[in-house]
Amino acid sequence: MNSKNTKSVLHQMWTAKAAVLMIFMLFLSVSTFAQTKKQISGTVYDNTGTVLPGASIIEVGTKNGTTTDFDGKFSLQVAVGGAIEVSFIGSTTQKIQITGNTSNLEVRLQNDGYTLAEVQVVSVGYGKVKKSDLTGAISTVGADDLVKGTIGSTEQVLQGKVAGLNIIRPSGDPAAGSTIRLRGGTSLTASNSPLIVVDGIAGVDINVVQPSDIKSIDVLKDASATAIYGSRGANGVIMITTKSGTKGVSVVYNGQTGVGYVNDNLDLLSANQWRGYVRQNQIADAVDYGANTNWQKAIEQTAISQSHTLSINSGKADSGFRTSLSYLNNEGVIKKSGLERLSGNVSAYQFLGDNKEVKFDMGLFANIDKWHPIDYRIFERAYNLNPTIPVYDANGNFSLVTGNIYDNPVEILTNRTFDNERHRLLGYFKTDVKFLNDFTATANISLEHNAVKGGTYKPSYAVMEGQTEGGFAQRTYAEYTNAQGELYVNYSKVIDKHNISALAGYSYLENIYEGFGAQRGGFVTDAFSYNNLGAGYNYRLSDVYSYKGKSNLVSFYARANYGYDGKYLLTATVRRDGSSRFGENNKWGTFPSASAAWRISNEEFMESSKGWLDNLKLRVGYGVTGNQDGIGEYKSLSILGVGNDSYYDPVTKTWSLAYSPKQNPNPDLKWESTEQVNIGFDFGLFNRITGSFEWYSKTTKDLLYTYEVPQPPYLVGTMLANVGEMSNKGVELTLNADIIRGDKFNWNANLTLGHNVQKIEKLSNPTYKTDVIYSGSLHGLAGMSGQYSQIIAEGYPVGTFWGFKNAGLDANGKIQYYNAAGQVVDESALVDADKTDLGNIQPDLTLGIGMNFTYGNFDLGFSGYGMFGQKALNATNMMLNDPNRLPAFNVPDSFLSSGITSAPKYSDYWIEDASFFRLQTLTFGYTLPLKYKKSKFRMYVMGENLFVITGYKGVDPEIGLNAQDGVDQTGLAAPGIDKYNNYPRPTTISVGLNFTLNN
């Protein structure tokens, strides 16, 4: 081949290669352009402007996707020129094209008519999920559904709102707290109250948050939901989410003022009835003091209440701020009682980064309570005093009858000073950092501080303690601090039909508490009140005390969630807790759970039901939780204390008190452990009715109780040990219905029902034994010292009354009884073997009901709750029906016709059915819409506690459902005893207004 041909061939080859290379490069550039990726971010809202956590964002034609976080925000890397689909259950799917200019999106999804209950977002502990994705038993109460009214204790907003949750107020005192029980109690000596979580901070005082600051409350019921809180989750978890800054600027004012009065007192003899009895029975030595005194009315007053809340909200796309200030002044219907509270709240958040990868969140809650405790002995005096005795004598001084064992209750209220003040503070700072698209790391630190101080003074002219002491003063102070740190990482990924999320974290909690008290008597002058204890000359060794304690809890936890095609859902959690409170051999415990759900309504074979069945989901869960709250520190250690013996120190040549063991060590001491199985159904019908049904069975093992042990080998005769076992089984039903949904008229209703059966399964083991535990002390009642009304025994629930069964009255008015053989006998023939089960305080059924009607701008609503089937011992009635009381003391007017001639003796003659239904609130309002940016003005009138339907003869059936703190002098649960502790619950009529200004 010549050189010319060679050059021609080479030129052709080069030209061909160049062409191929150019074509390849052109193809590559086109492909590269087509596959150019862009990081986009945005926020997803519903049609009302509320953010939608858990919304799904999928790149069309790929498996690339993500979900929105708690604030409705997302970030995703997608191809320019492609598209994303944004979807959320209950909303229409929206498709958005991605261009080179697409960056920060605001997506608004329209509701597609699906039942709204299933698209709610609920708190589950260290996160939130859509209700449709839940596998555990969780009930949600929104801000609009919370109980309104003159509320001094925040837990009262949940009364009757959650199936299986009982909120019991043992007193009408505005400063009194409530007893909370979820699915029955789980302990004899530890706490039975649910764990309170506020904005992710666990174990806080529920009253640090005011009702007006609450956005929603989620109640975690079963162990599959609460196991993420490990050794503190056995009694359930109440998760409170507070309001935070939202988009726009708004100012909201809520004000209310009301008048409260006692609607029902005990029916005792009036002065004229007393005189009629004396004349009829010709009682010559009866003393008529000439007055007409209603002693119950004498200690009562018309109570004025008022509350005011002002909140300011400001927010934009990347930041938000909210602050509120509240004032409450709630007088009690008993003179000198009441509650005054000043509260403040500040919350704020800030996003940083081009795609909002970082979020800072902070919250601060503070309040100051002032109240004046009363001496509950005033009720016993008011019931017993002769109605002819005047409140004041002829000289204007308090009347005192020489030799009368009951002193003047008005004098007790007037001449004693009781001042208490509590300061609460909760602050937290949280940081969320998104990384690697699918991960979010969260760090949360918090501090809670609670301090209470009290001052008491009984002047030298006050009867009883004041006179005997020559004036008596006391000061007390107590505080506790909880410091917590949390660090956890969330992973969330959507791959085609697979929805995967996981969480792992670490938690540290330190609790420190301390306090002191001092008292003295013998004051030359009463001018100092309780402000100068050193002025008193009467000093005793026991007049000064102090204490301090500390505990730590270290935890590791994890959770995994998996969902397939919106039909099949799985959740598994595990937590490992290490606590300083328990014995050396049981410092650590593991608490696992697993649950699954099947959304049957999403199956193809359910297509034919779409017209009427909106949702049907089956849930099954199992888990183990613990209970360490309520158990004091150092209980596993040997403790020394000052004994009764003295020793002589030859060096100082003085006698000193000797220290001796006060507590046996128990290295095996640990938390009580509760296993729970839950099966539930969620359903939605006709796009109007939603509800759930739950069946549960939970067993608490390793119950703590102080057992008697032999000496020797033990140094002390008692030992706190884990031995017993208790079960709770029950069912719950929740229904919500939009009965009428129209342009002008709307009617919705809600109903909750709960049934729980409790039983003690075991109390003893080979080492620690007891056949029965006596509780429900009748100490303080005349002639009943050392007697008990209840037992805790295998086969019976807590609160079981145990005693003699009555057979009615004989011809002479004597109460007759049945012995063990069923024979009718007199009191003198009774023996302990004749005692039997007399019923118990556990209700067979709990009920909550509410309805709301709107017509145009008018609204009408009511809420009520009830408990049915429980028994209560009316010990007040038992003591007042003593035939030996007249004429010196007062009696119920029913006594005159009762024919009773027996002295008071505990039996079921005095045990009553304490079933009741209470109309909690009735509200009528009118909303005046304002033209300026959807601002509004609402006025309303409200009645609270308007009536109670009950056959109970005492002041209030609910007051008798719990002892003052749920325990008696033995430290054991002793509910259901009405024993002179009858602070009446007021009926209140209020007017109020709500004003919202939006900018």
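Residues 1 to 999 in UniProt numbering are what the sequence shown spells out, letter by letter. All C-beta atoms in this analysis are idealised placements derived from N, C-alpha and C, irrespective of residue type, glycine included. Quick caveat: nothing in here was measured; it's all calculated off a predicted structure.
Per DSSP, reduced to three states, the secondary structure at Trp274 is helical. In the structure shown, the three-state DSSP call for Leu946 is strand. Annotation for Ser646: Trp655, Ser656, Leu657, Ala658 place their beta carbon closer than 8 Å to its own, counting only its chain and skipping 5 residues before and after. Ile445 and Asp361 have their alpha carbons spaced roughly 11 Å apart.
DSSP lists no beta-bridge partner residue for Lys131. Distance from the CA of Asn281 to the CA of Val831, rounded to the nearest whole angstrom, comes to 36 Å. Per DSSP, Glu380 is not a residue of any beta strand (DSSP E); the alpha helix (DSSP H) it occupies stretches across 377-384.
Met879 carries a helical assignment under DSSP once its states are collapsed to helix, strand and coil. Counting along the chain, the unbroken alpha helix (DSSP H) around Leu413 starts and ends at 409-414.
Non-local C-beta neighbours of Asp956 in its own chain, meaning closer than 6 Å and more than five positions away in sequence, comprise Arg985, ordered along the chain. If you draw a straight line from the Cα of Val162 to the Cα of Asn890, it comes to about 43 Å. With fewer than 16 other CB atoms across the displayed protein chains lying within 10 angstroms of its CB, Asp565 is exposed. Thr921 is a Cβ neighbour of Val147, given a cutoff of 8 Å. When only Cα atoms are considered, Phe523 and Pro459 end up about 9 Å apart.
When only Cα atoms are considered, Gly172 and Asp318 end up about 46 Å apart. Looking at Ala366, Gly320, Ile334, the one whose alpha-carbon comes closest to that of Arg341 is Ala366. The beta carbon of Gly100 lies closer than 6 Å to those of Val80 in the same chain, with the five residues before and after it left out.
Close CB contacts of Gly925 within its chain, under the 6 Å cut and outside five residues either way in sequence, are with Asp859, Arg938, Tyr940 (chain order). About 11 Å separates the beta carbon of Leu109 from that of Val51, a gap too long to meet the 8 Å contact definition.
Distance from the Cα of Thr706 is smallest, within the candidate group Gly943, Thr699, Thr417, Thr767, for Thr767. Ranked by Cα distance from Val574, the options Asn999, Ala225, Leu134 are led by Ala225. With a beta-carbon spacing of about 7 Å, Asn945 and Arg918 fall inside the 8 Å limit used to define contacts. In the DSSP assignment, Ala223 falls within the alpha helix (DSSP H) that extends over 223-226. Using a 10 angstroms sphere on the CB of Val157, the tally of other CB atoms reaches 16 or more, which defines it as buried. With contacts defined by Cβ atoms closer than 8 Å, Asn386 and Ala903 do not form a contacting pair. With 16 or more other CB atoms across the displayed protein chains lying within 10 angstroms of its CB, His372 is buried. It is roughly 23 Å from the alpha-carbon of Tyr383 to the alpha-carbon of Gly813. Fewer than three pairs of CB atoms, one per stretch, sit closer than 8 Å, so the region 607-620 makes no contact with the region 658-674. Here Val209 is buried: its Cβ has 16 or more other Cβ atoms, across all protein chains shown, within 10 Å.
Fewer than three pairs of CB atoms, one per stretch, sit closer than 8 Å, so the region 265-285 makes no contact with the region 393-400.
In this structure, Tyr477 places its C-beta atom within 8 Å of the C-beta atom of Lys453.
Contact between the region 572-589 and the region 516-536 is absent: fewer than three C-beta pairs spanning the two stretches fall below 8 Å. In the three-state scheme derived from DSSP, where H, G and I count as helix and E and B as strand, Leu533 is classed as helix. Within its own chain, the residues whose Cβ lies closer than 6 Å to the Cβ of Gly643, once the five positions on either side in sequence are excluded, are Ala658, Ser660, listed in chain order.
Unbroken alpha helix (DSSP H) runs of no fewer than 4 residues, entirely contained in the region 797-885, are found at 875-880, following chain order. Non-local beta-carbon contacts of Ile312 in its own chain, meaning distances under 6 Å to residues more than five positions away in sequence, involve Val251, Thr323 in chain order.
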